[in-house]
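K.L.:
Below are the structure tokens for one structure; questions will follow.
Numbering (the working numbering), first residue to last: 184 to 496.
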């Protein structure tokens, strides 16, 4: 029987997330805040490390690639080997392993695919890198879309993993710098040219047409950007900005107090983020989602990723 991507992902990843990750009620003020935790078990950090490693291949390859490779050479039979292959073939050679952003990026990918059930990739960032250095495209840490009868949403995410203060400040900085209309427009034109989906052909070809006509008619940047936003508005495009904040906070000594402690962490992030007015100037309806995951030890998981990277050929 022919396999489909969502079934594969659910069998190999979703089933593990649902056993390990607890999702709590969301809170909303200016923005939406969703708290998560892993279990209090002594093995939870290892299980979370393994989950991140297992998702690396889903983060690094497109749906079509995964289906083709799994059909032709059983790509997903050994997810650890697949993760090593992803490291060797596509993942960037970041100079400072201790501040490697892969952990946050993969967690963001995991959470989008698990908790936004119809989300699909616009662009697989790791595919579009330099041959030798494999420096990935910068900007948004996730590029997804969701589509229903009434609207299309572009998911342009940010991810941080590390110490709590670093994560808060870095996410705030990204929200103030990476959602201005010029930055967004440059990304939209890039996505349309490098897309890894055929499901939005009408939209993405339309964006390419705007880019072509701007070149043909010698338009200035302002007119080109204005035409882009007019086109996206006509097509009822919305923007979702999921922000993954995974930081070291050992709240796992007492499972009976875990929910209370997660709520306190969410309130703390909410108090910091909600008072800030971000410089988001994308001229489209947007929503900011903060996904908050206190982890017993971020460095423990990051070291597991470093070990895996060293094993890759």
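Yeah, the Cβ is synthetic: ideal placement off N, Cα and C, and Gly gets one too.
Because the structure is a prediction, the values reported are computed rather than measured.
Would residue 467 and residue 414 be called neighbours here (beta carbons separated by less than 8 Å)?
P.N.:
No, Cβ-Cβ distance for residue 467 and residue 414 is not below 8 Å.
K.L.:
Spell out the partners DSSP gives residue 446 in its beta bridges.
P.N.:
None; residue 446 has no bridge partner.
K.L.:
Quick check on residue 234: buried or exposed, where buried means 16 or more other Cβ atoms within 10 Å of its Cβ?
P.N.:
By the neighbour-count rule (16 or more Cβ atoms within 10 Å), residue 234 is buried.
K.L.:
Cβ atoms of residue 324 and residue 300: under 8 Å apart, would you say?
P.N.:
It is not a contact, given that the beta carbons lie outside the stated cut-off.
K.L.:
With DSSP run on the structure shown, which of helix, strand or coil describes residue 393?
P.N.:
Helix.
K.L.:
Kindly provide the ranges of any alpha helix (DSSP H) runs that are 4 or more residues long and lie completely inside the region 328-399, ordered along the chain.
P.N.:
Runs found: 347-360, 364-377 and 384-399.
K.L.:
Thinking C-alpha only, which one of 208, 206, 221 and 217 is nearest residue 433?
P.N.:
Residue 433 has its Cα closest to that of 221, out of 208, 206, 221 and 217.
K.L.:
So residue 346 and residue 431 are in contact, right, with Cβ under 8 Å, and what is the actual spacing, rounded?
P.N.:
With a Cβ gap of about 6 Å, residue 346 and residue 431 count as contacting.
K.L.:
Is residue 237 buried or exposed, if buried means 16 or more other CB atoms sit within 10 Å of its CB?
P.N.:
Classification of residue 237: buried, given that the 10 Å Cβ count is 16 or more.
K.L.:
If we ignore side chains and look at the alpha-carbon of each, how far apart do residue 316 and residue 440 end up?
P.N.:
Confidence is the limiting factor: at residue 316 the pLDDT is only 49, short of 50, which leaves the residue's position unreliable and the question unanswerable from this model.
K.L.:
From which residue to which residue does the alpha helix (DSSP H) around residue 424 run?
P.N.:
Note, residue 424: premise wrong, no alpha helix (DSSP H); beta strand (DSSP E) at 420-431.
K.L.:
With DSSP run on the structure shown, which of helix, strand or coil describes residue 209?
P.N.:
Looking at residue 209 - three-state DSSP - the assignment turns out to be coil, as it is neither helix nor strand.
K.L.:
Leaving out five residues on either side along the sequence, give the residues of the same chain with a beta carbon under 7 Å from the beta carbon of residue 223.
P.N.:
Around residue 223: 435, 438 and 441.
K.L.:
Return the Cβ separation of residue 448 and residue 477 in integer angstroms, given the expectation that the two are a contact with Cβ distance under 8 Å.
P.N.:
The pair is a contact, with the Cβ atoms about 5 Å apart (cut-off 8 Å).
K.L.:
Helix, strand or coil for residue 310, going by three-state DSSP, please let me know.
P.N.:
Residue 310 falls in the helix class under three-state DSSP.
K.L.:
Name the DSSP bridge partner or partners of residue 471?
P.N.:
Residue 471 pairs with 424.
K.L.:
Would you report the Cα separation of residue 370 and residue 492, rounded to the nearest angstrom?
P.N.:
Rounded to whole angstroms, residue 370 to residue 492 spans 29 Å at the Cα level.
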